[in-house]
Every structure is written in structure tokens, then in C-alpha cells.
Amino acid sequence: MTMHHKLNEALDQGRCLKVISGLNSFEPQKVAAVVKAASRGGATFVDIAASPDLVRLARGLTDLPICVSAVEPKQFVIAIQAGADLIEIGNFDSFYAQGKWFDASDVLALTIETRKLLPNITLSVTVPHILKLDQQVELAAELVKAGADIIQTEGGTSSKPRSAGTLGLIEKAAPTLAAAYEISRAV
Numbered sequence: 020m021t022m023h024h025k026l027n028e029a030l031d032q033g034r035c036l037k038v039i040s041g042l043n044s045f046e047p048q049k050v051a052a053v054v055k056a057a058s059r060g061g062a063t064f065v066d067i068a069a070s071p072d073l074v075r076l077a078r079g080l081t082d083l084p085i086c087v088s089a090v091e092p093k094q095f096v097i098a099i100q101a102g103a104d105l106i107e108i109g110n111f112d113s114f115y116a117q118g119k120w121f122d123a124s125d126v127l128a129l130t131i132e133t134r135k136l137l138p139n140i141t142l143s144v145t146v147p148h149i150l151k152l153d154q155q156v157e158l159a160a161e162l163v164k165a166g167a168d169i170i171q172t173e174g175g176t177s178s179k180p181r182s183a184g185t186l187g188l189i190e191k192a193a194p195t196l197a198a199a200y201e202i203s204r205a206v
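Structure below.
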């Protein structure tokens with residue numbers, strides 16, 4: 020697996036910030052605005068939808084590593100050919116509102132299929148927050164065995180904080196932070 024040198028350096032130093040335009044965000048003007056903000060704001064890399072046109076657009080706007088996100092492995096191949104540096108299976112949040120759920124077996128199957136198509140590209144995989152914490156940890160370990168290089172957690176859009184203000188934000192972040200902590204200990 021070959022990792023972009025800027026991303027590799029940031030991960031080694033423990034200071035990595037990804038700015039996301041969205042898995043289902045295909046409007047060039049919005050994606051361009053996010054890419055420009057990421058570049059000017061000191062992000063390590065930018066994450067856009069797996070569209071060759073968007074990859075070319077982003078490549079013309081920044082020298083940051085470009086990650087493309089999708090849930091269909093074949094979309095990654097054409098995005099890599101267009102100049103993407105790494106790929107991510109997920110983030111699944113945008114699908115939950117549509118009633119589409121990704122369980123552990125779905126994510127593992129996507130990872131295996133993607134790794135077969137692109138054996139040497141840096142592969143990040145999102146662990147769905149809808150799984151119980153122990154299932155998230157177990158899935159993360161299986162994903163690494165299947166070839167995932169980076170494991171990502173989700174923000175927990177289904178989380179319902181009971182408090183307002185800062186305490187509510189902490190309540191909303193707690194499940195994600197707990198998952199990140201437990202997964203990092205396991206993998």
C-alpha cells in the first residue's frame with residue numbers, strides 16, 4: 020500500500036485533519052468551496068464524493084491529498100484513475116435518513132471487494148455507529164485483517180442529546196469518542 024507522503028507524515032505525528040464535502044455532495048460549486056476552505060484552513064486532506072469530475076476539480080484547486088468516498092467499489096477505480104490519492108468506504112450517515120443501513124457483514128464485504136479491485140491504494144473504512152460498541156471494535160479488527168489501512172468512526176447522527184449547549188455537544192460526541200478510543204486500543 021502506498022500512502023501519500025503528506026498524509027503519512029501527519030498520521031505519524033498524530034495530527035491529521037480531514038475536511039469532508041460529503042459522500043452525496045456532487046454540486047461542483049459546493050465541493051470547490053469546501054476544498055478551498057480545507058486548503059486554506061490547514062487541513063491534512065480533503066474527502067469528496069467518488070466522482071472523476073470532482074476529483075479533477077479538486078486537483079485543480081489544491082495540492083492536498085484527495086480522498087474519495089463511496090459505497091460502491093467500482094466507483095473508486097474511476098476516481099483513482101482521475102487522480103484521487105486514497106479511498107474511503109463510508110461515511111454512512113447520509114444513508115440512514117433514506118432507510119438504508121450498513122451492518123458489519125455489508126461493510127466487510129465492501130472492504131474485501133474494494134481491496135480486490137485496488138490492492139495498493141490507501142483504504143479507509145468507516146465503522147457504522149449504528150452497531151453496538153463491542154461490534155464496532157470487532158468489525159474494526161476484521162476490516163484491518165481484510166486490508167483496511169485507516170479505520171474511521173462516524174459522528175452518530177442518531178444520537179439525541181438531552182441537554183442544551185456545551186453539555187449537549189458533549190453528549191452527542193461521547194459515543195463517537197468512546198468508539199474511537201476502544202477501536203484504537205484494539206487495532
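For the sequence shown, the positions run 20 to 206 when our numbering is used. Note that beta-carbon positions come from the ideal geometry of N, C-alpha and C, so glycine has one too. A quick note: this is a predicted structure, and the numbers were derived from the prediction, not measured.
task = Indicate whether the contact test is met: 3 or more Cβ pairs, each with one atom in the segment 160–177 and one in the segment 109–126, closer than 8 Å.
result = The segment 160–177 is in contact with the segment 109–126.
query = What are the start and end residues of the beta strand (DSSP E) that includes residue 90?
reply = Boundaries for residue 90: no beta strand (DSSP E) harbours it, and the DSSP string shows neither H nor E there.
inquiry  = Under 8 Å, with one C-beta from each stretch per pair, do the segment 161–168 and the segment 133–150 reach the 3-pair mark?
reply    = At 8 Å Cβ cutoff, the stretches touch.
Chain-order list of residues whose beta-carbon lies under 6 Å from that of residue 66 (same chain, five-residue window excluded) = Excluding residues within five positions, the ones whose Cβ falls inside 6 Å are 37, 39, 86, 88.
key: Close beta carbons around residue 182, own chain, < 7 Å, minus the five adjacent residues each side   = In its chain, beyond the 5 residues on either side, 190 have a beta carbon closer than 7 Å to the beta carbon of residue 182.
message = Short of 8 Å in beta carbon distance, which residues of its chain neighbour residue 93, apart from the five on each side in sequence? Order them along the chain.
response = Beyond the five residues adjoining it in sequence on each side, residue 93 comes within less than 8 Å, by CB distance, of 136 in the same chain, given in chain order.
query = Since residue 50 and residue 73 are thought to touch, with beta carbons under 8 Å apart, how far apart are those beta carbons, to the nearest angstrom?
reply = The Cβ separation is near 5 Å, so the contact holds.
task = Indicate the three-state DSSP secondary structure (helix, strand or coil) for residue 48 in the structure shown.
result = The answer is helix: DSSP assigns residue 48 an H, G or I state.
Runs of alpha helix (DSSP H) wholly within the segment 20–78 (minimum 4 residues, chain order) = For the segment 20–78, whole alpha helix (DSSP H) runs of length 4 or above, ordered along the chain, are 24–31, 47–60.
key: Supposed contact pair residue 150 and residue 197 - C-beta distance, whole angstroms, cut 8 Å   = That belief does not hold up - the Cβ atoms of residue 197 and residue 150 are roughly 13 Å apart, past 8 Å.
query = residue 146 bridges to which residues according to DSSP?
reply = Answer is 172, bridged to residue 146.
inquiry  = Between 98, 23, 204, which has its C-alpha nearest residue 83's C-alpha?
reply    = The shortest C-alpha separation from residue 83 is found at 23.
ask   = Since residue 106 is in the alpha helix (DSSP H), which residue starts that stretch and which ends it?
value = Where residue 106 is concerned, there is no enclosing alpha helix (DSSP H), although the beta strand (DSSP E) it sits in stretches over 105–108.
task = Identify every residue that forms a DSSP beta bridge with residue 141.
result = Bridge partners of residue 141: 105.
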